[in-house]
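Mind the numbering: the sequence shown is residues -21 to -1, 1 to 338 in mature numbering (1 follows the signal peptide of the UniProt record, and there is no 0), read in order. Beta carbons are placed, not taken as given, at the ideal position from N, Cα and C, and that holds for glycine.
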Amino acid sequence: MKSSDFHPVSCSLLLAALTLGQPLISPVPSTYQLYNDSLLMGVWYNRISATAAAADGANGVNQQWEQGTSTVWYIELQRFDCDDVTAAVYANRPSLLSNGENIFNWGFSKQTVDGGFNNCSNCTTPMQGTGDAFHSTSMFVEAVARCLILMWQSPNFVTYESYFNQVVPKLIRAASWLLVPSVLTIGIKNDMPYTHRRYILAAALAETALLTNDSSLQQQFYSQAATFAQNGLSLQDPSGFNPEKGGYDSSYNAYGLYQACNYLVVCPNVSLRQELANMLSNSFAWQLTRMNPNGSANLTGNTRVTADNNTDEVARSGYDKDYDYKSTIYAFELGSVLLQNQTLHNEAQLVAIYKGYSH
């Protein structure tokens, strides 16, 4: 991309990242403080409906798997309950809390003794494991950990304490499974083409570390999270995007930025936080060039999510992948807080209006 393609504000973001370093809010907010946001309250927490899971908590394709109409299930699909839990925490919506907990519980009911969500032919009831085990588990771990942190840091923690205490040990076992050498080796190999997955893993492990009382295990989580983040940082293209399958993808770039924001607020390393801020500034500058004036996304040239669906990728549902506007709103809004940048907030608002989430 040519420098002349950048919006003037995008240029200023890029210049800040490449010179003295992008200013980062100080002190860095907690996860709870970051999500305690008026735009997100209006766009999501007050307006979302309960995730439409089955009565037992199975969500999406996992419902079809239970009914025998799908041959595979994915633990990651249970992560969407975090939307319910987040709205419950901030907007005092108890029905969403119970729905979210039910969806989490279905996921953990499939956890095997090693902490993963694997095939278990020796179980009392033989169990088929999740598809795409490493990546799917990492997404589930990240969402569960983030929502447990929101509960824990909430002034109303007493409301959630019993459930929190039940789930944290299960979460730690799942995060530990990701670091089993044989699992990790295969996972890293499979994740290689996808930069955004480094930030999912970094967030998942560091968020879990924050909830871990075992200092040795906590350090292991933090250390591996930093390794994933540093690897992601090393992959950033000079123009700002974080590569996906050898090129750029505006949808997955936005999702990666969202997860990098989640990681930054739980990262204990000050210098790494600054590197992340620089990456975010550079990449948000690029992301802004992929947004149209009305808040819609420009999919031209994407490697994964395209307007004419000319890639071989499909969502877990089996349908073509759509642009992830929800994560784009989160990314721009959380980024606006961390980088203290009004332009990113304005873009989050514009995207929300385009999608009909705000007026």
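Strictly by DSSP, which residues pair up with residue i?
i: M106; result: C99
i: Y173; result: E223
i: D299; result: V293
i: A276; result: M270
What does the alpha-carbon distance come out to for the pair residue i and residue j?
i: E292; j: T282; result: 10 Å
i: E223; j: G108; result: 27 Å
i: F59; j: N38; result: 8 Å
i: Q1; j: F96; result: 40 Å
i: A67; j: A31; result: 16 Å
i: Y231; j: F220; result: 10 Å
i: Q42; j: A33; result: 6 Å
i: Y336; j: P160; result: 43 Å
i: Q328; j: L189; result: 31 Å
i: G280; j: M106; result: 41 Å
i: N192; j: R252; result: 23 Å
i: M(-21); j: S315; result: Reliability fails at M(-21), whose pLDDT of 37 lies under 50, so the model's placement of it is uncertain and no value is given.
i: E80; j: P217; result: 42 Å
i: residue 350; j: C246; result: Beyond the ends of the chain as shown, which are -21 and 338, falls residue 350; an answer cannot be given.
i: L318; j: V7; result: 10 Å
i: I332; j: Q199; result: 42 Å
i: L127; j: F143; result: 6 Å
i: T104; j: N98; result: 11 Å
i: S213; j: L158; result: 21 Å
i: L(-4); j: S250; result: Here L(-4) scores only 43 on pLDDT, less than 50, and its place in the model is too uncertain to base an answer on.
i: M171; j: S117; result: 14 Å
i: R269; j: C61; result: 28 Å
i: L323; j: S194; result: 37 Å
i: G225; j: K305; result: 24 Å
Enumerate in chain order the residues of its own chain whose CB-to-CB distance from residue i is below 6 Å, with the five nearest sequence positions on each side excluded.
i: W23; result: none
i: G110; result: V51, Y53
i: K300; result: V284, E292, A294
i: G211; result: T174, R177, Y178
i: N271; result: N277
i: A286; result: L278
i: P134; result: none
Are the beta-carbon atoms of residue i and residue j separated by less than 8 Å?
i: Y11; j: Q132; result: yes
i: T187; j: A124; result: yes
i: R208; j: A183; result: Strictly speaking, residue 208 in this sequence is Ala, with Arg absent from that position. For A208 and A183, no; Cβs fall outside 8 Å.
i: T65; j: Y139; result: no
i: H175; j: Y234; result: yes
i: Q46; j: W85; result: no
i: V284; j: Y302; result: yes
i: Y237; j: Y298; result: no
i: F87; j: K149; result: yes
i: V120; j: S296; result: no
i: Q215; j: S262; result: yes
i: S100; j: A29; result: no
i: V244; j: S9; result: yes
Could you say which of the options lies nearest to residue i if we only look at CA atoms?
i: L3; options: L259, T116, N84; result: L259
i: D63; options: I27, R295, A34; result: I27
i: N289; options: L317, L278, R295; result: L278
i: A294; options: M270, E55, D35; result: E55
i: D35; options: W52, T50, N78; result: N78
i: K334; options: G274, S296, T322; result: G274
i: Y69; options: Q90, L317, F136; result: F136
i: L19; options: T48, T307, L318, V40; result: T307
i: S5; options: A256, H324, D287; result: A256
i: N241; options: D170, P73, S141, L180; result: L180
i: T162; options: L129, F113, Q266; result: Residue identity differs from the one stated: residue 162 is Val in this sequence, not Thr. It is F113.
i: F83; options: E254, V147, Y304, G225; result: V147
Would you say residue i lies against chain C (beta-carbon separation less than 8 Å)?
i: R176; result: Protein chain content of the structure displayed is limited to a single chain, and chain C is not contained in it.
Apart from the five residues just before and just after residue i, which ones in its own chain have a Cβ nearer than 7 Å to its Cβ?
i: G94; result: R152, A153, S155, W156
i: Q197; result: A188, T191
i: Y201; result: A185, A188, P247
i: E326; result: L267, M270, F311
i: W44; result: V51, W52
May I ask you to check if the CB of residue i is nearer than 7 Å to at least one heavy atom of the ligand FAD?
i: G47; result: Although the ligand FAD was asked about, the structure shown includes no ligands whatsoever.
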